[in-house]
Every structure is written in C-alpha cells, then in structure tokens.
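Asker: For the sequence shown, position 51 (counting from the first letter as 1) is numbered 51 according to my numbering, and the numbering increases by one without interruption. Idealized CB from N, CA, C, for every residue including glycine. One structure is given below, represented as structure tokens, and several questions about it will come after.
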Amino acid sequence: MSDRKYKQQGYQDDDRTRGPRREGEGNGGQRPERVPGAPAGARRISSEGARNPNMPGYHQVARCARCGTFVNGEIFFLSKCPKCATALRSCSQCVYFDPSARWECTQPIAARLVPKDGANECRFYSARTSWERETSSAQSHKPSEPSGAKKAFDDLFKF
1 MSDRKYKQQG YQDDDRTRGP RREGEGNGGQ RPERVPGAPA GARRISSEGA
51 RNPNMPGYHQ VARCARCGTF VNGEIFFLSK CPKCATALRS CSQCVYFDPS
101 ARWECTQPIA ARLVPKDGAN ECRFYSARTS WERETSSAQS HKPSEPSGAK
151 KAFDDLFKF
C-alpha cells in the first residue's frame, strides 16, 4: 500500500491484474482482414468504394477593403471598386498591410506611403485574398421560374 502515489481509498483497488494489453483483446481476438499489398496502417474501404462526404468547395476571392464587394480579375494600378470606387491597388488592400508594423507595412519599405487607401505603385503589393466556401451551385437559375423553396412554400396554401 505504501508504493502507491495516492493514498485515497478506492484508487487502484480492484481485483483485475494490470499489465500490458494483449494483441486482439477487446474484440474477441478477431482482427479485421488485411488487404494484401496495402500498407500496415491502411484504411479499409468498403466494397462500394470511398464515401463522398458532400463537402462544399472553396475558392479564393479578393474583396474591397471598404465595402466588401467581390473583385474579379487582376488588380492594376488604376483599378477601382465597382461599387464604392475606392482604389484597389492600395496599402489597405495589400497582404502586407499591418497597422501595428513600422510604416504600417511588414515589408522593408523606404518611406511611409500616405494615404493608405490611395492608389500607389509599391513593388511589394500583393492583393489580399481569402478562402471562402462556395455556397451556391454552379447551375444557372432562370429568373422567370420560382425557386424550389418558394414553390414549396406556395404549394402549402393551395387547396
């Protein structure tokens, strides 16, 4: 009793023997059948094949820093946001823009660029992009046809 770490009653006070686990213990000694030629830790896939998890796709998008509108295509020196007309090639749209860094840029620039939302020709400029989930399908919807949800809702009140 003195070789225990804890002196509380009930700590390791059962009758079973404690030792290394034996191979096959816990599932009746049966192991799943190993596929010949597969690596030792290979996942066993059912006869139907791998399951499709129906995970949504992701795509990389650029957005305006001021209004959040999607920006399509490449950003040039005179590019402007289609919604708010803010210059897109500016410090506030750049990956390296950091308000807490020296001259508000993480790259070694020679002097501070002002204004941060104005167009500039910085050689370190790289558009800030983010990965977003694709929430809409690639199919085109006809505006003349009501959507499936709206049609189902309207069908509730038909007698």
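Between the Cα of Arg133 and the Cα atoms of Cys94, Tyr58 and Val35, which residue gives the shortest distance?
Answerer: Position 133 of the sequence shown, counted from the first residue, corresponds to residue 133. Here the closest residue by C-alpha is Tyr58.
Asker: Would you list the residues sitting across from Lys83 in a DSSP beta bridge?
Answerer: By 1-based counting over the sequence shown, the position of residue 83 is 83. Paired residue(s): none; Lys83 is not in a bridge.
Asker: Could you tell me whether the Cβ atoms of Ala65 and Ser92 are closer together than 9 Å?
Answerer: Taking the first residue of the sequence shown as position 1, residue 65 is located at position 65. Taking the first residue of the sequence shown as position 1, residue 92 is located at position 92. Result yes, Cβ atoms of Ala65 and Ser92 sit closer than 9 Å.
Asker: Judging by CA-CA distance, which residue of Arg89, Phe77 and Lys7 is the nearest neighbour of Lys116?
Answerer: Counting from 1 along the sequence shown, the entry for residue 116 is found at position 116. Nearest C-alpha to Lys116: Arg89.
Asker: Is Arg63 close to chain C, meaning its C-beta is less than 9 Å from at least one C-beta of that chain?
Answerer: Annotation note: the requested chain C is absent from the structure, which comprises a single protein chain.
Asker: Quick one: is Cys67 buried, meaning 16 or more other Cβ sit within 10 Å of its Cβ, or exposed?
Answerer: Translated into the one-based positions of the sequence shown, residue 67 becomes position 67. Answer is exposed; the Cβ neighbour count stays below 16.
Asker: Is the beta carbon of Val71 less than 9 Å from the beta carbon of Ala62?
Answerer: Translated into positions along the sequence shown, residue 71 becomes position 71. Translated into positions along the sequence shown, residue 62 becomes position 62. Taking 9 Å as the Cβ cut-off, Val71 and Ala62 qualify as a contacting pair.
Asker: Between which two residues does the alpha helix (DSSP H) containing Ala152 stretch?
Answerer: Working through the sequence shown from its first residue, we reach residue 152 at position 152. Gly148 to Leu156 is the span of the alpha helix (DSSP H), which, as asked, contains Ala152.
Asker: Out of Ala38, Gln107 and Gly148, point me to the one whose CA is closest to Phe124's CA.
Answerer: Numbered from its first residue, the sequence shown carries residue 124 at position 124. The residue with the shortest Cα to Cα distance from Phe124 is Gln107.
Asker: Alpha carbon to alpha carbon, how far is Gly148 from Phe76?
Answerer: Sequence index remark: in the sequence shown, residue 148 carries index 148 (1-based). Sequence index remark: in the sequence shown, residue 76 carries index 76 (1-based). In a straight line, the C-alpha of Gly148 is about 41 Å away from that of Phe76.
Asker: State the DSSP-derived secondary structure class of Tyr33, mapped to helix, strand or coil.
Answerer: Within the sequence shown, the letter at position 33 stands for residue 33. Before going on, a small fix: residue 33 reads as Glu here, not Tyr. Looking at Glu33 - three-state DSSP - the assignment turns out to be coil, as it is neither helix nor strand.
Asker: Name, in chain order, the residues that DSSP records as bridge partners for Arg63.
Answerer: Position 63 of the sequence shown, counted from the first residue, corresponds to residue 63. DSSP lists Phe70 as partners of Arg63.
Asker: Tell me, please, which residues DSSP counts as bridged to Tyr58.
Answerer: Locating residue 58 in the sequence shown gives position 58, counting from the first residue. Tyr58 is bridged to Arg133.
Asker: Tell me Ser90's beta-bridge partners as DSSP assigns them.
Answerer: Mapped onto the sequence shown, residue 90 falls at position 90. In the DSSP output, where bridge partners are listed per residue, Ser90 has Ala119.
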